[in-house]
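There are 2 protein chains.
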Amino acid sequence: MKYKRSDQEFKGFIFDLDGTVYLGEKLIPGADVTILTLRDMGKKVVFLSNKPLYTRKHYARKLTNMGIPTTPSEVINSSYVMARYLAEVSPQAKIYVIGEMPMVDELRKAGFQITENPGEIEYVVVAFDRTFTYEKLNKAYQAIRQGARFIATNPDRTCPYEDGEIPDCAGMIGAIEAVTGKRVEIVVGKPSSITVDVILNTMKIPPENCLLIGDRLSTDIVMGKNSGISTALVLTGVTKQEDLKCADIKPDYVFDSIGDLLQLVTVS
Amino acid sequence: MKYKRSDQEFKGFIFDLDGTVYLGEKLIPGADVTILTLRDMGKKVVFLSNKPLYTRKHYARKLTNMGIPTTPSEVINSSYVMARYLAEVSPQAKIYVIGEMPMVDELRKAGFQITENPGEIEYVVVAFDRTFTYEKLNKAYQAIRQGARFIATNPDRTCPYEDGEIPDCAGMIGAIEAVTGKRVEIVVGKPSSITVDVILNTMKIPPENCLLIGDRLSTDIVMGKNSGISTALVLTGVTKQEDLKCADIKPDYVFDSIGDLLQLVTVS
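Protein chains in written order, with the working numbering: chain A, 1 to 268; chain B, 1001 to 1268.
Shown next as structure tokens:
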């Protein structure tokens, strides 16, 4: 633990989910007490996930069932950020989605027209998709060749799963980049500033009074650094103490676990 | 047409197929007369395709039906080159195939054990696969993460299809590269020297007495240049006269069509 900015008062806490609050289906010890205590202290709490596989409602229910009562409005994930982003830049856009049903539903719910006709597709939205097929790749290719924009939810190479990892959104992006010869134009999820904008709009707290708590240097900590939000790395996920020695990027604080986070607010 | 090396006697003729001998299901005018005349003159002829979608028998039958009687032994395609390559470097290899049935059959016929068990896969063989799915991507990822080699049939981004193009092997390679963070180790098809070795072994004619006729600068003509085989570009496929002006690579000869090729052997 470091006290680099111990004089700072944090009013908003942004928690990454998998690897930070829980591991798969298991709450990380102390997560519930930490979050409930922060709320009792009047702090604002939001939860953040790069996964476009589930709805915000799903995460709210999962957290509630784990002893952290949560509403969908306290959850920000990359499918929600995508819907918000598109609503701002192209509210009438016709969209083709490489993604699972909750991703499609999120965009439908936001009023977008989903189409499979390459000639009318304006945006190809690419998400982590365990139902990805050659047919989807071909539809994306035909649409992009005809001028559709090419944007994605999250840049993650793999996603933790049971005792290992499975291919994440980078696989779908990589396939499309390779056949179109074009790079993905925008990736809205962590560490994008688009996600930061959605967080700050939700929090309504200036970045300098926010703390982002996560387990990944390349998404959570990078995003905090880029946006003036302080960062706390927890060692319960993918990053281990030894990874920090040779890392280019340094979080403001390092904790063994979310369970130790209250030291910060009670000490500072 | 150029006569850069008109003193040269060509004994072996290597013909690319789609865009050179035929376009889809249509023979290019004069292809039959050209090839039959070359054979009558005692020239050796082989046919070459980067497509791993069909068997050599399929191509032989297709050419025969188009008026160019051909045996499977006169056809070299990337699935055959892959089977030959693996038979040489790892004849007992356990293989996982991302590819269609003729690709799998080619490897089975060559005696390889096909397996889907990531723990025992020694080679992940990636081919143009219109039945590609997330499940296949995940199997390839798990195998490569556990140390399997990662090789592919052909580097093509897209493949001509009806009035347009569809994603080719580069899509499958790109997905796997993105999730594993590893580059494909070997691509055996054109313009690889592995394909050249198979051609020259089949032809039994020194490279300096061979002419490679194709429609693509980046595969056909590059491969000839790299291997000391003379090259003739035909303008019936993807490359047009105006593409030649700014191209880094220059074929030895340029013909409007395969129908003009006999000028070369009768003039020289």
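Note that the Cβ used here is the ideal one computed from N, Cα and C, for glycine as well. Please read all numbers here as calculations on a predicted model, not as lab measurements.
- The C-alpha of residue 228 of chain A lies about 39 Å from the C-alpha of residue 115 of chain A.
- Residue 1075 of chain B is positioned such that its CB atom lies closer than 9 Å to that of residue 1048 of chain B.
- Using a Cβ-Cβ cut-off of 9 Å, residue 1117 of chain B does not count as an interface residue toward chain A, since no Cβ of chain A sits closer than that to its own.
- Here DSSP, grouped into helix, strand and coil, assigns residue 252 of chain A to coil.
- Rounded to the nearest angstrom, the Cβ distance from residue 118 of chain A to residue 79 of chain A is 23 Å, too far for a contact under 8 Å.
- Apart from the 5 residues on each side of it in sequence, residue 219 of chain A sits with its Cβ closer than 7 Å to the Cβ of 50, 190 and 191 in its chain, given in chain order.
- Cβ contact annotation for residue 81 of chain A (same chain, cutoff 7 Å, sequence separation greater than five): 188, 189, 194, 195 and 198, in chain order.
- Two segments are said to touch when three or more pairs of C-beta atoms, one from each, lie closer than 8 Å; by this definition the stretch 172 to 181 of chain A touches the stretch 135 to 148 of chain A.
- Nearest to residue 121 of chain A by C-alpha distance, out of A:145, A:9 and A:212, is A:145.
- Chain B has no Cβ within less than 9 Å of the Cβ of residue 243 of chain A.
- For residue 1060 of chain B, the three-state secondary structure derived from DSSP is helix.
- Within chain B, the residues 1178 have their CB atoms less than 7 Å from the CB of residue 173 of chain A, given in chain order.
- In this structure, the alpha-carbon of residue 249 of chain A lies about 19 Å from that of residue 15 of chain A.
- Residue-level contact check: residue 137 of chain A touches chain B, since one or more beta carbons of chain B fall below 9 Å from its beta carbon.
- Listed by position along chain A, the residues whose Cβ is nearer than 9 Å to that of residue 1157 of chain B are 178, 179, 180 and 181.
- Rounded to whole angstroms, residue 33 of chain A and residue 163 of chain A show a C-alpha spacing of 27 Å.
- Proximity of chain B to residue 133 of chain A at the Cβ level (cut-off 9 Å) is accounted for by 1131, 1132, 1133 and 1134, in chain order.
- Unbroken alpha helix (DSSP H) runs of no fewer than 4 residues, entirely contained in the stretch 120 to 167 of chain A, are found at 134 to 145, following chain order.
- Setting aside the 5 residues that flank it on each side, residue 1064 of chain B is surrounded in the same chain by 1070, each with a C-beta closer than 7 Å to its C-beta; the list follows chain order.
- The alpha helix (DSSP H) runs lying completely inside the stretch 1021 to 1075 of chain B and spanning 4 residues or more are 1031 to 1040 and 1056 to 1065, given in chain order.
- For the pair residue 212 of chain A and residue 230 of chain A, the CB atoms are nearer than the 9 Å cut-off.
- Buried is the label assigned to residue 167 of chain A, since at least 16 other Cβ atoms lie within 10 Å of its Cβ.
- Under DSSP, residue 1113 of chain B forms a beta bridge with B:1094.
- Straight through space, the alpha carbons of residue 1126 of chain B and residue 235 of chain A are spaced by roughly 37 Å.
- The beta-carbon distance between residue 1149 of chain B and residue 1185 of chain B, rounded to whole angstroms, is 6 Å. This is short enough to meet the 8 Å contact definition.
- The C-alpha of residue 1217 of chain B lies about 43 Å from the C-alpha of residue 222 of chain A.
- The bridge partners DSSP lists for residue 16 of chain A are A:48.
- Under the Cβ criterion of 9 Å, residue 145 of chain A is counted among the residues facing chain B.
- Shortest Cα-Cα distance from residue 94 of chain A to any of A:123, A:207 and A:171 involves A:123.
- Setting aside the 5 residues that flank it on each side, residue 68 of chain A is surrounded in the same chain by 32 and 35, each with a C-beta closer than 6 Å to its C-beta; the list follows chain order.
- It is roughly 15 Å from the alpha-carbon of residue 1073 of chain B to the alpha-carbon of residue 1110 of chain B.
- Scanning chain A for C-beta atoms nearer than 9 Å to the C-beta of residue 1059 of chain B yields nothing, as the closest lies near 22 Å away.
- Interface annotation, residue 168 of chain A: in contact with chain B, CB-CB separation under 9 Å.
- Residue 1154 of chain B counts as buried, since at least 16 other C-beta atoms from the protein chains shown sit within 10 angstroms of its C-beta.
- Annotation for residue 169 of chain A: no beta strand (DSSP E) segment contains it, though the alpha helix (DSSP H) segment containing it runs 169 to 180.
- Here residue 1213 of chain B carries a strand assignment [DSSP, helix/strand/coil].
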